[in-house]
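A quick write-up on the structure given underneath.
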Amino acid sequence: MRTKIIASLGPSSRSRDVILGLARAGASGFRINFAHGNRGEWDDIVESVRSVEASIGKAIALIGDLRGASIRIGNLSKEVRLRRDETVRFVLKDSSDRADEIPLPNPRVFEGLEAGDLIVMDDGKVRLRVVDVGYDYALVTALTDVVIRSRKALTIRGKELDLPTLTNKDVNDLKYACSKGFNYIGLSYVRSANDVLTLKEYMRELRCNSKVIAKIETRSAVRNLKEIVEVSDAVLVARGDLGMNFGLEEIPRIQRRIIRECRRLGKPVIVATQLLESMIESPVPTRAEVSDITVAISEGVDALMLTGETAVGKYPVEAVMWLSRIVRSAEEYIEPEKIEPEGEIKFKYAKGVIELSKCLNAKIVIYSRRGTTARYIAALRPTTETYVGVPSINVARELAILWGIEPLIVEARTYEDGLEDTYRRLRDEEKLKIGDLVVMTYGMIGEEQTIKVKRVLE
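Next up, the structure:
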């Protein structure tokens with residue numbers, strides 16, 4: 346598969362056996378949502394992921410998703426069920442055991458609310474209209490039949506409260522992720538490039554080399570999209586929260602715009618939320634879900650991320666198996682939309698390598714110290730097999746979720762040696778067969794570039 350799969354881990358998938366099943370089914374990366382669980386549970390997951398990685402001999406990316414300054418309700422002793430047009434009261438407290446009130450421990454929310462505002466929760470499943478507001482309460486009416494559960498995030502449609510980029514919890518979780526060698530850090534509720542730069546400054550102070558994934562989920566993020574993409578290492582289309590901030594009919598257009606902008610700027614892009622939502626309860630997806638996934642593939646997304654399907658669903662391994670099946674089928678007849686990345690000569694060099702491989706019907710073999718050349722190649726979406734030798738397992742893990750890239754660990758003293766060793770390794774593993782043509786190149790060094798064309802003879 347050229348389009349990669351990322352699976353979120355949680356109660357349904359934290360065991361080593363399930364993680365192994367997910368990897369064998371096609372997952373190239375795993376996500377831990379720091380909004381849930383504790384360090385003991387995360388430690389077990391990290392240990393299992395690295396054990397599975399060693400056993401299958403394939404680099405696996407590990408993504409730590411910071412909770413961010415989200416607005417969440419407090420703890421309910423039991424779920425609150427409302428019929429359409431019924432009212433309930435949000436109150437300023439941490440928890441409640443009453444059926445007629447919902448705890449909301451953040452006073453800023455009440456300061457920002459006005460009568461007529463729309464409160465959206467649970468990826469848009471819950472919609473509540475504000476009727477009356479006081480300094481410590483808000484009376485709301487349900488617009489549909491809804492079920493409200495503890496600790497759910499909420500959004501006020503059309504409004505963004507002044508919240509910090511990183512909470513104390515985020516800083517502590519960031520330190521944890523860096524100490525455990527997470528390859529990517531997901532930043533929630535990004536509003537501008539400054540949010541991403543703030544996180545990167547913290548990471549510099551921690552001497553943390555993880556890459557930053559900017560999650561696009563707010564109105565400000567969509568408005569400031571280009572500047573955010575420019576300073577990020579990768580981008581995630583967070584369709585759940587986007588659906589809480591925009592009308593649902595707008596999401597396909599926004600998704601397409603985000604993917605195009607990322608591809609224009611040569612940044613990896615991931616699509617997440619409700620890809621196979623029905624498989625939380627069902628062993629098979631719906632036809633609409635298959636079509637939705639196929640659209641994302643045609644738009645040229647690097648990776649597809651499963652969230653609740655694998656974290657809390659009844660069929661986590663089956664969900665990845667189905668997603669792999671859909672991706673393979675779509676890639677048989679779909680080529681991603683052609684988009685030319687902006688600017689740099691490095692992209693033009695990468696395009697030349699790809700065009701040469703297409704003319705010769707050849708495979709691509711690269712040797713790269715930091716994976717930079719591989720990222721430029723991936724951004725142009727080559728349709729031929731592309732193998733990348735790298736000297737570090739961490740670089741291989743970073744490349745594991747890039748479109749069409751298969752990384753290999755190859756230690757070498759020089760680029761030339763690394764390229765030849767990568768070629769020999771591929772021959773030994775029979776990924777290059779007698780008669781194959783291969784276009785070979787390595788990381789850009791100064792002004793000089795090297796491209797070789799080789800036919801596999803023995």
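Residue 346 is where the sequence shown starts when you use the numbering used here, and the numbers rise one by one after that. Just so it is clear, CB atoms sit at the ideal spot from N, CA and C, and this is done for glycine as well. Source: prediction; values computed, not measured.
- DSSP places G788 in the coil class of the three-state scheme, outside both helix and strand.
- Contact between the region 521-529 and the region 458-472 is absent: fewer than 3 CB-CB pairs across the two stretches fall below 8 Å.
- Taking 8 Å as the cut-off, the Cβ atoms of A404 and I738 count as close.
- In this structure, G645 sits near I604, with a CB-CB distance shorter than 8 Å.
- Taking all protein chains in view, the Cβ of N590 is crowded by 16 or more other Cβ atoms within 10 Å, so the residue is classified as buried.
- With respect to K612, V574 sits close: the two C-beta atoms are nearer than 8 Å.
- Excluding sequence positions up to five before and after G457, its CB lies within less than 8 Å of the CB of I501, K504, L506, all in the same chain and listed in chain order.
- When only Cα atoms are considered, V580 and G419 end up about 30 Å apart.
- Per the C-alpha coordinates, the member of I493, S555, D439 positioned closest to K423 is I493.
- Contact between the region 352-362 and the region 377-392 is established, with three or more Cβ pairs separated by less than 8 Å.
- When DSSP reads this structure, L544 sits in no beta bridge, so it has no partner.
- Here D781 is not near K691, since their CB atoms are 8 Å or more apart.
- One Cα belongs to V567, the other to I561, and the distance between them is close to 7 Å.
- With respect to the 8 Å criterion, Y482 and R434 are classified as neighbours on the basis of their beta carbons.
- DSSP places P448 in the uninterrupted beta strand (DSSP E) bounded by 446-448.
- Judged by their CB atoms, R584 and A617 are nearer to each other than the 8 Å cut-off.
- Annotation for P450: G419, D439 place their beta carbon closer than 6 Å to its own, counting only its chain and skipping 5 residues before and after.
- Nearest Cα to I401 within the set R417, I364, G409: I364.
- Exclusion of the five residues before and after T348 leaves I642, V672 as the residues of its chain whose Cβ lies within less than 6 Å of its Cβ.
- If you look at G734, you'll find it in the beta strand (DSSP E) that goes 731-735.
- Straight across, the Cα-Cα distance linking G374 with R359 is about 14 Å.
- Approximately 16 Å separates the beta-carbon atoms of I754 and T731; this is outside 8 Å, ruling out the contact.
- Approximately 7 Å separates the beta-carbon atoms of A724 and R608; this is inside 8 Å, confirming the contact.
- When Cβ pairs closer than 8 Å are counted between the two stretches, the region 534-552 is seen to touch the region 514-522, the count reaching three or more.
- Nearest C-alpha to V784 among Y678, L744, P727: P727.
- Burial check for R742: the Cβ neighbour count within 10 Å reaches 16 or more, so the residue is buried.
- The three-state secondary structure of Y678, taken from DSSP, is coil.
- If you draw a 10 Å sphere on the C-beta of Y712, you find 16 or more other C-beta atoms in it, and that means buried.
- For M346, no alpha helix (DSSP H) run applies, since DSSP gives it neither H nor E.
- DSSP lists Y732 as the bridge partner or partners of E751.
- For D477, the secondary structure class from DSSP, reduced to helix, strand or coil, is strand.
- The DSSP-derived three-state label of F375 is strand.
- Within a 10 Å sphere around the beta-carbon of A633 sit fewer than 16 other beta-carbons, which makes this residue exposed.
- Non-local beta-carbon contacts of S495 in its own chain, meaning distances under 6 Å to residues more than five positions away in sequence, involve N420, L421 in chain order.
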